[in-house]
Amino acid sequence: MPDTGRFYLLDVEAVTDSDDHILELLRVYCRCLRCHRAFTAIPAAGLTLIPGGAALDCPDCGEHQAISLVRFEDFRRRHGQLPPGA
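The working numbering numbers the first residue of the sequence shown as 80 and each following residue consecutively.
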């Protein structure tokens, strides 16, 4: 689902394994639901990698949220970034 509660996911770029499970997030394009700013988060700039997920931080208002890798995988699957049935 694109709505994580605090952010709306628009695009997710990641390194995946042969089963299309995310190994590393490279880039997340999203919109902050608090201030409505759309931004691209990358490691060390709005995207903090944590075990089993990542935290997004809005550069304008400071809104933040930890999101599981499963949520990012679900987004990619539902929005055509993974093969159907993966």
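C-beta: ideal position from N, C-alpha, C; glycine also.
In terms of CA proximity to G141, R110 leads the group V149, H158, G132, R110. The Cβ neighbour count for E152, taken over all protein chains shown within 10 Å, is at least 16; the residue is labelled buried.
Per the coordinates, the alpha-carbon of A93 lies some 23 Å from the alpha-carbon of L112.
Take I129, set aside five residues on each side of it, and the residues of its chain with a beta-carbon closer than 8 Å to its own are A145, in chain order. It is roughly 8 Å from the alpha-carbon of G132 to the alpha-carbon of V149.
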